[in-house]
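S.K.: I'd like to ask some things about the structure below.
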Amino acid sequence: MTTELKMDVPQPRFLDQTQQGVLGKPIPRVDGALKVTGQATYAAEWQMDDMAHGVFVGAAIPKGHFTIDRDSIAGMDGFLGLYTDNLVRNSARGTLNTNPVQPGDRVDYLGQSIALVVAETFEQARDMAAALKVSYTRDDDAVTDLSEYDDWELKVGIELGDVDAAMDAAHKSVDLEYTTKGHNSGAMELHGSIASWDGDHVTVRSSLQMLGFNRNELADSLGVPPEQVRLLSPYVGGGFGSKLGIGPDSVGAAVAARDLGRPVRVVLTRPQVFDTTIRRTETRQHIRLAANQDGRLTGISHVNWQSNLPGEGHAEPVDAATRFLYAGENRYCAHYMARRNSPATGDVRSPGEAVGMLTLEAAMDELAEALEMDPIDLRIRNIPEVHPGNGKPISSNGMASSLRQGAEAFGWDQRQPTGTRREGEWLIGMGVAAAARANLLMPSSARVTLNPDATAVVETDMTDIGTGTYTILGQIAAETLGLPTESVTVHLGDSNFPTASGSGGSWGATSSGSSVLIAARAIRKTLAERMGCEEEALTLKDGMATGGNKRSALSELIDQPISEEGKIDKGKLTKGTHQAGYGAHFAEVAVNTVTGEVRVRRMLAAMAAGRILNEQTARSQVYGGQIWGIGSALHEGLEFDTRTGHIANHTLGEYYVPVHLDVGDLDVLFIDERDDMANPMQAKGIGELGFCGAAAAVANAIYNACGVRIRDFPATPDRIFPHL
Amino acid sequence: MKSFDYVRPETADAAHEAAGRFIAGGTNLIDLMKLQVETPEKLVDINRLDLRGISTEGDGLKIGALVSNSELAADLRIRTDYPLLSRALLSGATQQLRNKATTGGNFLQRTRCPYFYEPHQACNKRTPGEGCSAQGGVTRMLAVLGTSEHCLAAHPSDMAVAMRALDAKIAVTRADGTTERLALDDFYLLPGDRPDRETVLEPGDLITAVHLPAPAAGRQTYRKVRDRSSYAFALVSVAARIAMEDGKISDAALAFGGLAPRPWRDGAVEEILIGEAPSEALFGKAADRLLAEAKGAGGNDFKIPLTRRTLIAVLNDLTGESA
Numbered sequence: 032m033t034t035e036l037k038m039d040v041p042q043p044r045f046l047d048q049t050q051q052g053v054l055g056k057p058i059p060r061v062d063g064a065l066k067v068t069g070q071a072t073y074a075a076e077w078q079m080d081d082m083a084h085g086v087f088v089g090a091a092i093p094k095g096h097f098t099i100d101r102d103s104i105a106g107m108d109g110f111l112g113l114y115t116d117n118l119v120r121n122s123a124r125g126t127l128n129t130n131p132v133q134p135g136d137r138v139d140y141l142g143q144s145i146a147l148v149v150a151e152t153f154e155q156a157r158d159m160a161a162a163l164k165v166s167y168t169r170d171d172d173a174v175t176d177l178s179e180y181d182d183w184e185l186k187v188g189i190e191l192g193d194v195d196a197a198m199d200a201a202h203k204s205v206d207l208e209y210t211t212k213g214h215n216s217g218a219m220e221l222h223g224s225i226a227s228w229d230g231d232h233v234t235v236r237s238s239l240q241m242l243g244f245n246r247n248e249l250a251d252s253l254g255v256p257p258e259q260v261r262l263l264s265p266y267v268g269g270g271f272g273s274k275l276g277i278g279p280d281s282v283g284a285a286v287a288a289r290d291l292g293r294p295v296r297v298v299l300t301r302p303q304v305f306d307t308t309i310r311r312t313e314t315r316q317h318i319r320l321a322a323n324q325d326g327r328l329t330g331i332s333h334v335n336w337q338s339n340l341p342g343e344g345h346a347e348p349v350d351a352a353t354r355f356l357y358a359g360e361n362r363y364c365a366h367y368m369a370r371r372n373s374p375a376t377g378d379v380r381s382p383g384e385a386v387g388m389l390t391l392e393a394a395m396d397e398l399a400e401a402l403e404m405d406p407i408d409l410r411i412r413n414i415p416e417v418h419p420g421n422g423k424p425i426s427s428n429g430m431a432s433s434l435r436q437g438a439e440a441f442g443w444d445q446r447q448p449t450g451t452r453r454e455g456e457w458l459i460g461m462g463v464a465a466a467a468r469a470n471l472l473m474p475s476s477a478r479v480t481l482n483p484d485a486t487a488v489v490e491t492d493m494t495d496i497g498t499g500t501y502t503i504l505g506q507i508a509a510e511t512l513g514l515p516t517e518s519v520t521v522h523l524g525d526s527n528f529p530t531a532s533g534s535g536g537s538w539g540a541t542s543s544g545s546s547v548l549i550a551a552r553a554i555r556k557t558l559a560e561r562m563g564c565e566e567e568a569l570t571l572k573d574g575m576a577t578g579g580n581k582r583s584a585l586s587e588l589i590d591q592p593i594s595e596e597g598k599i600d601k602g603k604l605t606k607g608t609h610q611a612g613y614g615a616h617f618a619e620v621a622v623n624t625v626t627g628e629v630r631v632r633r634m635l636a637a638m639a640a641g642r643i644l645n646e647q648t649a650r651s652q653v654y655g656g657q658i659w660g661i662g663s664a665l666h667e668g669l670e671f672d673t674r675t676g677h678i679a680n681h682t683l684g685e686y687y688v689p690v691h692l693d694v695g696d697l698d699v700l701f702i703d704e705r706d707d708m709a710n711p712m713q714a715k716g717i718g719e720l721g722f723c724g725a726a727a728a729v730a731n732a733i734y735n736a737c738g739v740r741i742r743d744f745p746a747t748p749d750r751i752f753p754h755l
Numbered sequence: 004m005k006s007f008d009y010v011r012p013e014t015a016d017a018a019h020e021a022a023g024r025f026i027a028g029g030t031n032l033i034d035l036m037k038l039q040v041e042t043p044e045k046l047v048d049i050n051r052l053d054l055r056g057i058s059t060e061g062d063g064l065k066i067g068a069l070v071s072n073s074e075l076a077a078d079l080r081i082r083t084d085y086p087l088l089s090r091a092l093l094s095g096a097t098q099q100l101r102n103k104a105t106t107g108g109n110f111l112q113r114t115r116c117p118y119f120y121e122p123h124q125a126c127n128k129r130t131p132g133e134g135c136s137a138q139g140g141v142t143r144m145l146a147v148l149g150t151s152e153h154c155l156a157a158h159p160s161d162m163a164v165a166m167r168a169l170d171a172k173i174a175v176t177r178a179d180g181t182t183e184r185l186a187l188d189d190f191y192l193l194p195g196d197r198p199d200r201e202t203v204l205e206p207g208d209l210i211t212a213v214h215l216p217a218p219a220a221g222r223q224t225y226r227k228v229r230d231r232s233s234y235a236f237a238l239v240s241v242a243a244r245i246a247m248e249d250g251k252i253s254d255a256a257l258a259f260g261g262l263a264p265r266p267w268r269d270g271a272v273e274e275i276l277i278g279e280a281p282s283e284a285l286f287g288k289a290a291d292r293l294l295a296e297a298k299g300a301g302g303n304d305f306k307i308p309l310t311r312r313t314l315i316a317v318l319n320d321l322t323g324e325s326a
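As given, the protein sequences belong to chains A and B, one line each in that order. FYI, the numbering for the first sequence is 32 to 755, going by my numbering. FYI, the numbering for the second sequence is 4 to 326, going by my numbering.
Put into C-alpha cells, the structure is as follows:
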C-alpha cells in the first residue's frame, strides 16, 4: 500500500510524542566505519569481469568543429574502441530530467569531452587519448573574454515600486559593486561510472545525487526507455551540485559498453572534472540599499552579471535571499546573462546565496556603519512580517533569535571599534552576517518493512552524498516504529527502489525523511488495529507495543512482514507560504598588516532549521558550510585564461580550498524550532544554510579588523595589503 | 602515461650504467609522466643507493640526497644550527609529501606554471621554440625576476631558497664517475632562450649529497607568504640570516622564493646592509636594490610591493631587540 501526504495543512507534532528517543540524537554515521576502512565500495571501485577502460579526449580549441583520425591510435596495443556519437557536452544541471546537450562534432569550449578512447587497461587508454590525432576547424567568434561583451540577456526577477526614488529620498544609502570568481564543487570522489549491458538493459554504477532524474537523463541520452536503465549509487563521495545531473562519464561508459558487449569503466581526471562538470558562474554584482532615519530599509536593488554556455537553461539565483530576507517596499532584482565558450555553469552548493548573500550581507554591514547602528540591530529591525515581494505568510523565521543567541554565545559585545585591536603584526576583528536558505520540498517515496523479529528495512533510491542520509532515515524509522536504531537497516541508491527526491537543494533529509515517516506511520496503523486502539493511543518502544490497556511484543502482533510505501508531495502550504531556514554567522579573524594574509580564528553559526534530526550529522553539515564560507571569502576562485576560456587552475593543487590550518575553532548553536508548515517532521533543510552568509561574516570581520572593505572575492593577500 | 622500463639498482655504479632517468621520491616526476609532460623511457629508482643519513663534515654537515624532507626538517642539528632550513622545509607541501620527497629531488622540482602542464598551450620549457602562453595569460604565481621573453616560470621550492641563503653546495657525480660540488647559482640556469634547461645537470648526472658550511652567526628565519596557511606555493618567501655587532649589521644572507626561476640571491642587497645600523630607510634601500629589475606580467605585479613589505618586516624582526 502507498500512503501519500500532500502538504496542504499544518502537521501535528507526532515526533514530539514518540517514545523511542533516538531522533535528534547525535548518532555517528552508520556508514562511517565502512568508509574509513575502505569497505564502502564507490562507483568506479567495483571490479567486474572483462572490464574495459575509457578515457576522454578534451577539445583543444574553444569553438569550432573536429574530426578524429581513428587510424592514429587503432593499431596501438590494447585498443578496443573510439566513440564520439551521443557523448554529452557537459554534466546536466540539477533536475534537467532529459538528455544534456549532445553536440556531435561541434566544440563549444576548450576541454569539452569530444571522444572516448577505450582500451584493455586504463594506462593504455590514457596513452591513446594523448596520442589521438584530432583536426579542428576553429571558429573565430568564440566568446572567452567578457570585458567587452555587449550581448547580455536581461531577466528581471522582481520590480516593486521605485528603487531610484528610494535612493534619492534615503537618509542613508549604499551603492556598491562586487565581483566573485567562479567556483568548482571539487568533490573528493572523482566522477566515474561503470556500465554493463544485459540485452537491452543497462546497469550503471555511477556517482550521482538524484537517481530519479538521472535515470531519465541517461535513458534519453542513450535513446532507450527509462525502464531499461538501472542506476546504482549506494555511496557518493561528495557532490555539492556537480553530480545532480548525469555527466560525460555515465553516457560514455554506456555508449562504449553497448558497442563492445563488455563492462566499461570511465573515470574523469581531476582537470576533466573542472572542465566538463558544472561549475558556479563568476559574478559581477551591483547592490543598492536605501534606509530611513530609523534604520528601516526602503529600497533594495540587487543586479548581477553572470555567464553560461549557449543552450544551458541554468542561471545562478544570485538574488535568491535578497528577495525575501529584509523588508522594504521598493525592490528590484535582475540578472544579465552572457553566453560564453567556457565550462558550463550550474548549481554548486548553496546556488545563489553562496555569492549573493556574501555581497548582500557585506553591503548591510556598510549600511549599518553609515547609519551608525549595530549590524545586528539593523538586521533585526528589518525582518519582514510577510514575504516582502509577494505577501505570502512566513512559515517560521528564527533569524532574530539566531542573531541574539548567537551574539551572546560568541561574545559580540567584545567587538572593538574598527582597526583598534592589535596583536603584534596582526589586527583582530569580528563580523556578523545573517544566514538564510529557502526550504524546499520535493516529491519523495520510500518503502518501510517491519519484520516479526522487530527489525525493519527502509528502501528508497535516495542517495547519501556524505551527509548522513543512511543514519537519519534509520533514526526516523526507528523512532516511529519504536525500535533501537541498530534494528533498522537502510538501503539507498538503487533506482529499482521507490523514487526519492534525491540529494540537492537541502531538500533531501526533509523530503525523503517525510516519506519514511509516512510509510512507518502506515505500519503503526496496522499495529494499532491489531492492538485494538487508535494510532494516537499506540506507544511503540524497544519492540513493544502499548495501547488499549494492552502490552505486546511486535512478534506477537505480526507473523508476516508488513511493508508500506510512503510518499510526500508539495501541497497548498508549499506554494502558499514562504519557507526558509534562517540563522546568523559570526567570525573572528586576524589580518596581517604586512602581508594582508587573513586567518580565521573562530566562527559560530546559530541555525534555526526546524527540528534537528541528528545533532551530529547536522552539525557536521554546518561545519562544512562554515568552511565553504571561509573558502569563498578567502581562497576559492577559478582562474580563466580569457584568450581561450579555459580554467588555468583546474587541479586541487592549484584551486585552493581551505586546509585544516585555515579553519579556526568552529561552533554551532541550534535554535529550538518546529515548522509545522514545512513537512510532517517540522524540519527544514540544513545542508546549505551553514554556508549561506558565512563568507560575509568573514569579510565583515576583515573590515572590523583592519578597515579594508573587500568587494572583490576571494580576498587574497594582494587585495588587502595595498590598503594597509 | 607512456609505458616505461623500471630498474632498481643497488649501487651508484649500477645506477649510472642503467642509463635512465633517476627517480627518488617521485612526487613531481610521476605527476608529469601521467600528463606526458615528461616521457622517460626508463626509470632508475635510486632508493636502494647508499645516499641516506646526515653526518658531520668538518664544522658543517653532509646531507645524503635521499634524506627525506621530513627527516631533514626534524634533525636536531638542522633545527639548532640551520633553523631557517627546517622552517623552510616545514612550510612546503604537506606532511605526506614531505615524508616522500627527498633532499636531492627537491632541488629538481619543475615549475608550477599552469601552461607547462597543458598540452594545448605553448610552452618553451616543455617544447623548446613552441612559444610561451603564459605571456598575456594567467600569471599570478609566476616570476618577476630573472625571467626572459621565452619563460616566466618561477621555481617552486622552499628548501632550495633556504639552501641558497645557507651557501649550500650540491654534490654531483657525473656519468663518467667524476664528482663536483656546485654552489646553487652555478647549479641553476636562468631561462634565457632555453628555458627547458633548468640546471647544469647532464643526463646520467646524479645528486649524491648536499654540503652545508659551518653554521654562521646571527638570527635566522624563513618567512613564506601564501594564499592559504598550508599546502600552497609561495607568493614570496624570504630566507634570512642577519648577524649584529655593536648595533650594526655585521653579516647578512638573504634568499628569495616565489620571485624567480631559481632561488634568488643578490649580493648587492646584502652589501647595502652590512656595516650599517638598522633603519627603515636602510631596509627600504635594500628592497629597492633587490627589486630594481623586477618586472610584473600583470597578474603577478603585486609580488613586487609584497616582497618589499615582507623583506622589511623580516629585517625588522631579525634586527629588533625582542625578536
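The beta carbon of each residue, even a glycine, is placed where N, CA and C say it ideally should be.
Could you check where the alpha helix (DSSP H) with N247 (chain A) kicks off and where it finishes?
M.R.: The residue labelled residue 247 (chain A) in the question sits at position 216 within the first sequence. Looking at the DSSP string, the run of the alpha helix (DSSP H) that includes N247 (chain A) is 242 to 253.
S.K.: Mind the definition here: the segment 365 to 372 of chain A touches the segment 401 to 413 of chain A only if three or more C-beta pairs lie below 8 Å; say whether that holds.
M.R.: Contact fails: fewer than three Cβ-Cβ distances are below 8 Å.
S.K.: Relative to the alpha-carbon of P424 (chain A), which residue among A:T605, A:D378, A:Q51 has its alpha-carbon at the smallest distance?
M.R.: Translated into positions along the first sequence, residue 424 (chain A) becomes position 393. Considering only alpha carbons, the answer is A:T605.
S.K.: My understanding is that Q337 (chain A) touches H317 (chain A), with C-beta atoms under 8 Å, so please give their C-beta distance in whole angstroms.
M.R.: Taking the first residue of the first sequence as position 1, residue 337 (chain A) is located at position 306. Taking the first residue of the first sequence as position 1, residue 317 (chain A) is located at position 286. Not confirmed; about 12 Å, so no contact.
S.K.: Just checking, does the segment 61 to 72 of chain A make contact with the segment 119 to 134 of chain A on the three C-beta pairs under 8 Å criterion?
M.R.: Flag = no, the segment 61 to 72 of chain A and the segment 119 to 134 of chain A do not touch.
S.K.: Are any of the Cβ atoms in chain A nearer than 9 Å to that of G139 (chain B)?
M.R.: As a working note, residue 139 (chain B) is residue 136 in the second sequence. So yes, G139 (chain B) belongs to the interface.
S.K.: Are the segment 528 to 536 of chain A and the segment 502 to 519 of chain A touching, with three or more C-beta to C-beta distances below 8 Å?
M.R.: The segment 528 to 536 of chain A is not in contact with the segment 502 to 519 of chain A.
S.K.: By a C-beta neighbour count over all protein chains shown, 10 Å radius and 16 as the cutoff for buried, is I338 (chain B) buried or exposed?
M.R.: In this structure chain B extends from 4 to 326, so residue 338 (chain B) is not present and cannot be described.
S.K.: So A256 (chain B) and V272 (chain B) are in contact, right, with Cβ under 8 Å, and what is the actual spacing, rounded?
M.R.: Mapped onto the second sequence, residue 256 (chain B) falls at position 253. Mapped onto the second sequence, residue 272 (chain B) falls at position 269. Contact doesn't hold; Cβ gap of about 10 Å is too wide.
S.K.: Using CA atoms only, rank isn't needed, just tell me which of A:T329, A:M219, A:V138 is closest to A200 (chain A).
M.R.: Working through the first sequence from its first residue, we reach residue 200 (chain A) at position 169. Closest option to A200 (chain A), Cα to Cα, is A:T329.
S.K.: Could you pull out every residue in the same chain whose Cβ sits closer than 6 Å to the Cβ of Q48 (chain A), ignoring the five residues on either side in sequence?
M.R.: In the first sequence, counting from the first residue as 1, residue 48 (chain A) sits at position 17. Same-chain partners within the cutoff: there are none.
S.K.: Report the residues of the segment 676 to 696 of chain A with a CB closer than 7 Å to any CB of chain B, ordered along the chain.
M.R.: Cβ contacts with chain B come from A679, N680, E685, Y687, P689, V690, L692, D693.
S.K.: Hey, could you find the ends of the beta strand (DSSP E) Y363 (chain A) is sitting in?
M.R.: In the first sequence, the residue the question calls residue 363 (chain A) occupies position 332. 361 to 370 is the extent of the beta strand (DSSP E) around Y363 (chain A).
S.K.: So what does DSSP say about T152 (chain A), is it helix, strand or coil?
M.R.: To locate residue 152 (chain A), count along the first sequence from 1; it is residue 121. T152 (chain A) falls in the coil class under three-state DSSP.
S.K.: Quick check on the DSSP output: what are the complete beta strand (DSSP E) runs of length 3 or more inside the segment 192 to 255 of chain B, in order along the chain?
M.R.: If we require 3 residues or more, the beta strand (DSSP E) runs fully inside the segment 192 to 255 of chain B come out as 209 to 215, 222 to 228, 239 to 248.
S.K.: Name the DSSP bridge partner or partners of D600 (chain A)?
M.R.: By one-based count along the first sequence, residue 600 (chain A) stands at place 569. A:K37, per the DSSP bridge assignment.
S.K.: Using the rule of at least 16 other Cβ atoms within 10 Å of the residue's Cβ for burial, across every protein chain shown, is S758 (chain A) buried or exposed?
M.R.: There is no way to answer for residue 758 (chain A), as the model of chain A reaches only from 32 to 755.
S.K.: What residue range does the alpha helix (DSSP H) around R3 (chain B) cover?
M.R.: Residue 3 (chain B) lies beyond the stretch modelled for chain B, which goes from 4 to 326, so this question has no answer here.
S.K.: Given P689 (chain A), which residues of its chain have a CB within under 7 Å of its CB, disregarding the five upstream and five downstream residues?
M.R.: On the first sequence, residue 689 (chain A) is found 658 positions in, with the first residue counted as 1. Once the five neighbours on either side are set aside, the close Cβ partners of P689 (chain A) are I658, I661, G662, H666.
S.K.: Return helix, strand or coil for A326 (chain B), following the three-state DSSP convention.
M.R.: As a first step, residue 326 (chain B) is located in the second sequence; it is residue number 323 there, counting from the start. Reliability of the predicted coordinates at A326 (chain B) is poor, the pLDDT of 43 falling under 50, and no value is obtained from them.
S.K.: Counting only C-beta atoms, is T313 (chain B) closer than 9 Å to chain A at any point?
M.R.: Within the second sequence, residue 313 (chain B) is the residue found at index 310, counting from 1. For T313 (chain B), the answer is yes, since a Cβ of chain A falls inside 9 Å of its Cβ.
S.K.: How about A553 (chain A) and M32 (chain A): are their beta carbons less than 9 Å apart?
M.R.: Taking the first residue of the first sequence as 1, we reach residue 553 (chain A) at position 522. Taking the first residue of the first sequence as 1, we reach residue 32 (chain A) at position 1. Yes.
S.K.: Taking the runs of the alpha helix (DSSP H) that are 4 residues or longer, which of them lie wholly in the segment 677 to 747 of chain A?
M.R.: As far as the segment 677 to 747 of chain A is concerned, its whole alpha helix (DSSP H) runs of at least 4 residues are 725 to 737.
S.K.: Looking only at its chain, what residues have a beta carbon closer than 6 Å to the beta carbon of D48 (chain B), apart from the 5 residues adjacent to it on each side?
M.R.: Along the second sequence, read from residue 1 onward, the residue named residue 48 (chain B) stands at position 45. Closer than 6 Å at Cβ, skipping near neighbours: R11, I26.
S.K.: Counting along the chain, where does the alpha helix (DSSP H) carrying Y501 (chain A) start and finish?
M.R.: For the purposes of this step, residue 501 (chain A) is taken as residue 470 along the first sequence, with counting starting at 1. Taken as a continuous stretch (DSSP letters only), the alpha helix (DSSP H) holding Y501 (chain A) covers 500 to 512.
S.K.: Since A146 (chain B) meets chain A, which of its residues come closer than 7 Å, beta carbon to beta carbon?
M.R.: Counting from 1 along the second sequence, the entry for residue 146 (chain B) is found at position 143. What A146 (chain B) touches in chain A: nothing, since even the nearest Cβ is about 16 Å away.
S.K.: For Y654 (chain A) and D62 (chain A), which I take to be in contact (beta-carbon distance under 8 Å), what is that distance rounded to the nearest angstrom?
M.R.: As a first step, residue 654 (chain A) is located in the first sequence; it is residue number 623 there, counting from the start. As a first step, residue 62 (chain A) is located in the first sequence; it is residue number 31 there, counting from the start. That belief does not hold up - the Cβ atoms of Y654 (chain A) and D62 (chain A) are roughly 18 Å apart, past 8 Å.
S.K.: Thinking L141 (chain A) and H158 (chain B) are a contact (beta carbons under 8 Å), I'd like their distance in whole angstroms, please.
M.R.: In the first sequence, residue 141 (chain A) corresponds to position 110, counting from 1. In the second sequence, residue 158 (chain B) corresponds to position 155, counting from 1. Actually they do not touch by this definition, with Cβ atoms about 28 Å apart.
S.K.: Can you confirm whether the segment 406 to 414 of chain A touches the segment 587 to 598 of chain A when touching is taken to mean that 3 or more C-beta pairs between the two stretches lie within less than 8 Å?
M.R.: The segment 587 to 598 of chain A vs the segment 406 to 414 of chain A: no contact.
S.K.: Exposed or buried, what is S485 (chain A) when buried is set at 16 or more other beta-carbons lying within 10 Å of its beta-carbon?
M.R.: As a working note, residue 485 (chain A) is residue 454 in the first sequence. A small correction: the amino acid at residue 485 (chain A) is Ala; Ser does not occupy that position in the sequence shown. Answer is buried; the Cβ neighbour count reaches 16.
S.K.: Counting only the same chain and skipping the five closest in sequence on each side, list residues whose C-beta sits under 6 Å from that of G326 (chain A).
M.R.: The residue given as residue 326 (chain A) occupies position 295 in the first sequence. Result list for G326 (chain A): L402, M404, L409, R412, in chain order.
S.K.: Under a CB-based cut-off of 9 Å, is G627 (chain A) close to chain B?
M.R.: Your numbering for residue 627 (chain A) matches position 596 in the first sequence. So yes, G627 (chain A) belongs to the interface.
S.K.: Got a sec? Which residues, its chain only, sit under 6 Å from A326 (chain B) by beta carbon, not counting five neighbours each side?
M.R.: Walking along the second sequence from the start, residue 326 (chain B) turns up at place 323. Since pLDDT at A326 (chain B) reaches only 43, below the 50 mark, its modelled position is unreliable, and the value read off the structure follows with that caveat. Contacts found: D320.
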